[in-house]
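Under numbering that gives the first Met the number 0, the residues of the sequence shown are numbered 0 to 147, in order. Below: the structure, in structure tokens.
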Amino acid sequence: MAQVSRGRRLMGEINVVPYIDVMLVLLIIFMITAPLLTQGVKVTLPKAGSAALSARNTKHPIILYVDRQGHLYINVGGDAQVAADPDAIEARASAALTADPRRPVLVKADTAVAYGVVVHAMVLLQRAGASKVGFVTDPLPPPPRAGS
0 MAQVSRGRRL MGEINVVPYI DVMLVLLIIF MITAPLLTQG VKVTLPKAGS
50 AALSARNTKH PIILYVDRQG HLYINVGGDA QVAADPDAIE ARASAALTAD
100 PRRPVLVKAD TAVAYGVVVH AMVLLQRAGA SKVGFVTDPL PPPPRAGS
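Below you can see the structure in the form of structure tokens.
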């Protein structure tokens with residue numbers, strides 16, 4: 000005769016508490032590392048009342064930075080923290096635009112940099128094959144309210 004054990008029964012439920020713990024740990028890790036992943040060079044952008052770029056363009060733009068000292072940096076998916084010489088900037092932009100000619104090209108120039116340096120940077124981008132070059136600016140502050 001087979002004897003039926005009256006011990007522990009099999010549990011048909013999933014214990015989700017360990018999964019929640021793992022999820023919270025991952026959330027904390029992503030919250031800490033996300034600000035560190037932003038790339039770019041610190042520049043003080045000029046203020047202008049221009050329209051914002053459309054969000055429907057999902058292509059990653061080529062961004063050329065011009066810092067306060069006039070050093071040039073390019074961000075094509077690599078490290079934008081290292082200053083590059085004009086030949087290297089033209090070569091990297093040309094390679095990126097050859098792969099995708101419709102890729103947006105933007106210039107982020109500091110307000111204190113000389114106009115001639117920005118024009119030289121634009122010439123480099125045009126020689127690399129950019130047909131349109133956009134400037135990145137900060138928005139103007141809102142006008143003060145009447146009666147405030």
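We treat Cβ as the ideally placed atom computed from N, Cα and C, and that holds for glycine. Quick caveat, the model's predicted, so the values are computed rather than measured.
Which residues bound the beta strand (DSSP E) around residue i?
| i | result |
| --- | --- |
| VAL106 | 104-108 |
| VAL65 | 61-65 |
Quick check on the burial criterion: 16 or more other C-beta atoms within 10 angstroms. Buried or exposed for residue i?
| i | result |
| --- | --- |
| VAL118 | exposed |
| ARG91 | buried |
| ASN74 | buried |
| ILE31 | exposed |
| LEU26 | exposed |
May I ask which residues mark the beginning and end of the alpha helix (DSSP H) holding residue i?
| i | result |
| --- | --- |
| ILE19 | 16-32 |
| LEU71 | Element bounds for LEU71: not the alpha helix (DSSP H) but the beta strand (DSSP E), 71-74. |
| ARG126 | 114-127 |
Which of the three DSSP states is assigned to residue i in this structure?
| i | result |
| --- | --- |
| ILE88 | helix |
| GLY11 | coil |
* Asked: Between the stretch 128-140 and the stretch 79-88, do three or more beta carbon pairs fall short of 8 Å?
  -> Verdict: no, contact absent.
* **Given 8 Å, three or more beta-carbon pairs between the stretch 56-74 and the stretch 110-117** => Between the stretch 56-74 and the stretch 110-117, the count of C-beta pairs closer than 8 Å reaches three or more; the two stretches touch.
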